[in-house]
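Notes follow the structure.
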Amino acid sequence: MITKCLFPVAGYGTRFLPATKSMPKEMLPVVNKPLVQYGVEEALEAGMTTCALVTGRGKRAIADHFDISFELEHQISGTGKERYLDSIRNVLDKGVFTMVRQREMKGLGHAILTGESLIGHEPFGVVLSDDLCLNDGPGVLSQMAELYRQFRCSIVAIQEVPMEDVNKYGVIAGEALKDGVYRVDKMVEKPDPADAPSNLAIIGRYILTPDIFDILRETEPGANGEIQLTDALQTQAQRGCVMAYRFKGRRFDCGSVPGFVEATNYVYENIYSNQ
Ligand code: UTP
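Okay, structure coming up:
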């Protein structure tokens, strides 16, 4: 049973400036709920009740979001507005929130290594909350946790993308074991479309085995000075097993403005309006 999920939320969110100058990107609301809350709800649904946040400077709003606001509670207690707090109260009832600060933004791999003290020596989920994943049935992390029970190794969520877009993603190559499940033997970060091993792109959901921490410690920073998770996963794939899973559901790239607008329209029309 995987009980912990890591949320690297320390990034700058430059693609959303000036909105993200003093507000964390992860607090941008898709309709009426911040991005990070969607991710936390997905983790809780998968049984991952300890949500470990790797935060950074300027991210206090995230810590405050996952805490009680006494003034607000007092103000609206007994009024018809209390129901607006239902979803976050539900999250706070179910989850435990732990935090560590990433002092220097040295990439996703470094953010995950920073989270080691919150995770310890056990397998864990990872959610990049700017990828919003929605499914009518079990959420993407639930699907991946089920697969983990079968294979007991790291799992990356993948999606087919147009070949001309592969340079925005990490891409895998591997052997298909069954429908939607691949044993990974190669991973390349942001390949040129001409050199890409496939159009199977890694998106922001992972289950990682804890040996990833030792590998990340040994992983050299790439050309941009960042420690890439994909490099560490490549080492893990060579040593043992990494599976890739084509999940059921929809994913919106809310780290980009067009993806964020698409998600907002989708949630408004298909979820919010039906509540
Ligand atoms: P992104 O590549 O989307 O970077 O990071 P970003 O800084 O958030 O956004 P842009 O590109 O400047 O607009 C992917 C995920 O990894 C986290 C981010 O918060 C995001 O969830 N991250 C990235 C960290 O926590 N620390 C880092 O050093 C880098």
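Count along the sequence shown from 1, then add 20; that gives the number in this note's numbering. C-beta atoms are modelled at their ideal positions from N, C-alpha and C, and glycine is treated no differently.
Just to check, is the beta-carbon of residue 237 closer than 7 Å to a non-hydrogen atom of the ligand UTP?
Counting from 1 along the sequence shown, the entry for residue 237 is found at position 217. No; taking the cut-off as 7 Å, the Cβ of residue 237 has no heavy atom of the ligand UTP nearer than that.
Quick one: measure Cβ to Cβ for residue 144 and residue 24, integer angstroms, because I've assumed they're closer than 8 Å.
Your numbering for residue 144 matches position 124 in the sequence shown. Your numbering for residue 24 matches position 4 in the sequence shown. Right, the Cβ-Cβ distance comes to about 4 Å (below 8 Å), so this counts as a contact.
Run through the region 104-142 for me and flag every whole alpha helix (DSSP H) of 4 or more residues, listed as ranges in chain order.
106-114, 128-134 and 136-139
I want to check one thing, is the minimum distance from the CB of residue 137 to the heavy atoms of the ligand UTP below 7 Å?
Locating residue 137 in the sequence shown gives position 117, where the first residue counts as 1. Residue 137 Cβ: outside cutoff for every heavy atom of the ligand UTP.
Would you say the beta carbon of residue 74 comes nearer than 7 Å to a heavy atom of the ligand UTP?
Against the sequence shown, residue 74 aligns to sequence position 54. Residue 74 Cβ: within cutoff of the ligand UTP.
Does the ligand UTP have even one heavy atom less than 7 Å from the beta-carbon of residue 29?
What you label residue 29 is simply residue 9 of the sequence shown in a count that begins at 1. Indeed, a heavy atom of the ligand UTP lies less than 7 Å from the Cβ.
Might you give, ordered along the chain, the residues of its own chain that have their beta carbon closer than 7 Å to the beta carbon of residue 82, omitting 5 neighbours on each side?
Taking the first residue of the sequence shown as 1, we reach residue 82 at position 62. 29, 44, 46, 47, 56, 73 and 75, listed in sequence order.
4-residue-minimum alpha helix (DSSP H) runs that sit fully inside the region 31-80, ordered along the chain:
55-65
Helix, strand or coil, according to DSSP, for residue 172 in the structure here?
Locating residue 172 in the sequence shown gives position 152, where the first residue counts as 1. Note: residue 172 maps to coil in three-state DSSP.
Helix, strand or coil at residue 263 according to DSSP, with G and I counted as helix
Indexing the sequence shown from 1 puts residue 263 at position 243. It is a strand residue.
With DSSP as the reference, identify every bridge partner of residue 179, one or two as the case may be.
One-based indexing of the sequence shown puts residue 179 at position 159. For residue 179, which the question treats as bridged, DSSP gives the partners 221.
Could you pull the DSSP bridge partners for residue 25 from this structure?
In the sequence shown, the residue the question calls residue 25 occupies position 5. Looking at the DSSP assignment, residue 25 forms a beta bridge with 71 and 145.
Three-state secondary structure (DSSP) of residue 195
In the sequence shown, counting from the first residue as 1, residue 195 sits at position 175. The answer is strand: DSSP assigns residue 195 an E or B state.
Where does the unbroken beta strand (DSSP E) through residue 204 begin, and where does it stop?
The residue labelled residue 204 in the question sits at position 184 within the sequence shown. That run of the beta strand (DSSP E) goes 201-209.
Once DSSP output is grouped into helix, strand and coil, what is the label at residue 291?
Position 271 of the sequence shown, counted from the start, is the residue given in the question as residue 291. DSSP places residue 291 in coil when its eight states are reduced to three.
If you count every other CB in all the chains shown that lies within 10 Å of the CB of residue 130, and 16 or more means buried, which is it?
Locating residue 130 in the sequence shown gives position 110, where the first residue counts as 1. Looking at its Cβ environment, which holds 16 or more other Cβ atoms inside 10 Å, residue 130 is buried.
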